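Residue 1 is where the sequence shown starts when you use full-length UniProt numbering, and the numbers rise one by one after that. Note that the Cβ used here is the ideal one computed from N, Cα and C, for glycine as well. The structure presented is a predicted model; accordingly, all values stated were derived computationally and were not measured. Structure, as structure tokens:
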Amino acid sequence: MSTTTINKMPDKLQRQTFPVLEMSCAACAVSVESSLKAVSGVADAGVNFANQSAWVEYDDNHVQPSDLQNAVRAVGYDLVIDTVDPQALQAEARERHYNEIKRRTIWSSVLSVPIVVIGMFFMDMPYAAWISFVLAAPVVFYFGRGFYVNAWKQAKHGKANMDTLVALSTGIAFIFSAFNTIYPEFWHARGIHPHVYYEAAAVIIAFISLGKLLEESAKSKTSSALKKLMGLQPKTVRVIVENKEQEIPVSAVQAGQLIVVRPGEKIPVDGEVVSGGSFVDESMISGEPIPVEKKAGEKVFAGTVNQKGSFRFEAQKVGGDTILAQIIKMVQEAQGSKAPVQKLVDKVAGIFVPVVIGISIVTFIIWLLVGGDDAFTHALLTSVTVLVIACPCALGLATPTAIMVGVGKGAENNILIRDAESLELAHKVDTVVLDKTGTITEGKPVVTDLVWSKHDNITLKKILYALESQSEHPLAEAVTDKLKNEDVEAMELQNFGSLTGRGVKGDFEGQTFFVGNRKLIEENGITVNSDIDKQARGWQQEAKTVVYFSDSTEVLALLSIADKIKPTSGAAINKLYDRGIDVYMLTGDNEQTAKAVAGQVGLKHYKAEVLPADKAEFVSALQQQGKVVAMVGDGINDSHALAQADVSIAMGKGSDIAMDVAKMTLITSDLQSIPKALNLSDKTVRGIRQNLFWAFIYNLIGIPIAAGVLYPFNGFLLDPMIAGGAMALSSVSVVANSLRLRKAMI
């Protein structure tokens, strides 16, 4: 790898997330992050201790993943750069690591128990010190060897982490005890009884191993939502090769291949149905529980579940390009991203270990000077206890575990969160700006009403269907969809003609029929009776588009077409008002339509005939008033405003650009997910604050007590063994507090 500094980074950088192995504490994450950032050609990097991953932005013309891996390995860790299935490799490594910690915990605990019993009750029995020496040696130097190996790797690069604290404390306690066991005369000659502290060294390792075991178990639970998403991907797939079915791994599927899906199977990749038909459960994408009918020409998506039918489809998007893969990637990146508060915590964790070592040395010196007859013993014990109790893990886990659980909780509720910053900021939102079409409304025009002037009959319906099926007008599809649902079939017409700006006409059995607007009816002198006229004016007041169907003399039917308001939009807006949030609607539609929609959903503020640039300016104007603004949209025309907003939320059925810009995506079309997202932010931030409070308080209280500040008042010195247990408990309590969010109602 070239060591030449790249002064100017290219405009287009590669961003990739890699699993990291062997990290044991928050300070480890800081070491890995700094080593990655030091690689020439890396623009930026971040490491998340909680989900054991690192993201790196780098110039792939100068840096390869192997260079990044070598840099991480140099400081004692490893980076998984396998491109086929890195998560599987990480999962295997985690499983091995978990089993190793479990074995280490069990054996160190088994050997530590008799050491503790001897140290507490039988310290004066013959050969007590030697028995404890024999039992403690394998605990410290075999089952605890990982602490010493990692501490040495860190020291070689001028770094320190939690392993440094453990190695120093247990190593000093064991060596001091071994010296007293082998050469007790040194102390006897000075009139001092040679105490041993094998139980402290052994039990510290046992406690810390137990803490790590519980921590690993808890951390694995925070990624359960991601594992569920990954579980939606089938491992194998049946493709058609030379007219024969062949089973291959899903990772080997290529675009253009023909795939067979049988009843009850999960769809492996994105594509388009070629033959056959079925109903497919797409709730993991749309949030809608009703299966969607699939036939030739229809799109299907990876991870969705086929129902009773079977079909063949052509693979179009495979691997990382599928919608499911993109969702998984978004969740991974969000869980690996850092909240602004976490950046401060990382800096604290980076200097925490050296500061603690400094406090330990100062403690040792002070006790040596003022400790009286047992000065050296007290100096040693207190300095070792300070090293043991001061664990940066609780501090390092406080934010990422809460973020991971929050992101997972969001995914379970159809809210995809792209980064931690938006999750942390959303609870501060006091203004929500909503796009109309596709956000408040369904985004697709449908026939809302159909009224016949006399009575309908199947022939008239067939004529209407035939006229609209040949029309090029965008609203014609709404009419044909409605009639198609009533099983109406088209018939053949003569002299079909399209009348620009008015509608269409056609002849059947010598009679001319028209479909179009009021102008078409008036130009042809067609009679509109009073009831039909009154109905048309009423629909126009509701901002609906009115379509007339007539023969050459009178209007036969009246249709209203509108972009239907989603059933839950009004309730969602009311929930936002209940939170004290101002809600605005922006739309490019006319004033009459905007007013009608606002009235139906209970909106107090709206703005009509707004251009895309105007939306962004409106958001900016609100921000200048000190508002924290969330923008919700679904179209390309919303992307500028989404980028401008403090919190950007895209509708999952919207454009790719809107979803790319937005920091949150609602997979479901239900606007009630917005107050849910804000509630989730509230609870996540509360969890982060609770975690940080207890992590800081723990160290603020624990370190002075470990240093012996209570000894002058009541003669209390904290046993290193108890300090080890308290340290392990602090990390577990932080993770457990974060996990409470999994059961929270949002």
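Three-state secondary structure (DSSP) of residue i
i           : result
F186        : helix
P445        : strand
A390        : coil
P249        : strand
E617        : helix
E57         : strand
H195        : coil
G287        : Bear in mind that the predicted position of G287 carries a pLDDT of just 40, short of 50, making it unreliable; the figure below should be weighed with that in mind. In this structure, G287 counts as coil in the three-state DSSP scheme.
H455        : coil
M125        : coil
D589        : coil
P263        : coil
residue 765 : Residue 765 is absent from the model: the chain starts at 1 and stops at 746.
G372        : helix
A255        : coil
P19         : strand
Q52         : coil
A334        : Low confidence applies to A334: its pLDDT is 49, below 50, so where it sits in the model is not reliable, and the reading given next is rough at best. A334: helix per DSSP, three-state reduction.
V300        : strand
T5          : For T5, the predicted model reports a pLDDT of 31, less than 50, meaning its position is unreliable; a value from the coordinates is still stated below. Of the three classes helix, strand and coil, the one that applies to T5 here is coil, per DSSP.
A225        : Confidence is the limiting factor: at A225 the pLDDT is only 47, short of 50, which leaves the residue's position unreliable, though a coordinate-based value still follows. Helix.
L739        : helix
A744        : coil
Assumed close pair residue i, residue j - CB separation to whole angstroms, cut-off 8 Å
i    : j    : result
T431 : K566 : Contact flag wrong, Cβ pair sits at about 21 Å.
L499 : G516 : 7 Å
T512 : S552 : 5 Å
L558 : V546 : 7 Å
L642 : A662 : 5 Å
A630 : A426 : 7 Å
A398 : A695 : 5 Å
P263 : N306 : 6 Å
A325 : A255 : Actually they are not in contact, since the Cβ atoms of A325 and A255 sit about 14 Å apart, beyond 8 Å.
I415 : S673 : 6 Å
P400 : F713 : Not confirmed; about 39 Å, so no contact.
Nearest candidate by alpha-carbon position, reference residue i, set the options
i    : options                : result
Y584 : N590, G602, Q592       : G602
R104 : S209, D373, F716       : S209
K436 : V134, L586, A128, S669 : L586
E489 : H188, S66, I458        : I458
K428 : L692, A744, Q52, T684  : T684
A252 : T236, E245, F513, V305 : T236
E242 : V300, L258, S310       : L258
L111 : V407, V72, V134        : V134
A296 : G277, T304, S310       : G277
R502 : K519, D487, T164       : K519
N529 : I101, Y711, F508, E554 : E554
N590 : E486, K544, L576       : K544
G158 : M120, A129, A74, P184  : A74
T304 : P234, I359, V274       : P234
V203 : G443, V117, A178, V80  : V117
7 Å Cβ cutoff met for residue i and residue j
i    : j    : result
A43  : L13  : yes
V269 : V318 : yes
Y606 : A621 : no
L384 : S132 : Checking the sequence, you will find Val at residue 384 rather than Leu. In this structure, S132 does not lie closer than 7 Å to V384 by Cβ.
R312 : V260 : yes
S53  : A206 : no
M651 : D670 : no
R15  : V405 : no
A466 : L493 : yes
K676 : N495 : no
L213 : K102 : yes
V447 : I561 : yes
Residues that residue i bridges to, as DSSP identifies them
i    : result
V665 : Checking the displayed sequence, the identity of residue 665 turns out to be Thr instead of Val. Its beta-bridge partners are L416, A650.
D551 : For D551, which the question treats as bridged, DSSP gives no partner whatsoever.
M631 : V433, S648
Q494 : D507
Y584 : V433, H605
Q470 : DSSP lists no partner for Q470.
V280 : V292, N306
V273 : F313
L450 : L559
D487 : Paired residues: none, contrary to the question.
Distance cut-off 6 Å: residue i Cβ against heavy atoms of the ligand NAD
i    : result
K505 : Looking at this structure, you won't find the ligand NAD or any other ligand, since it has none at all.
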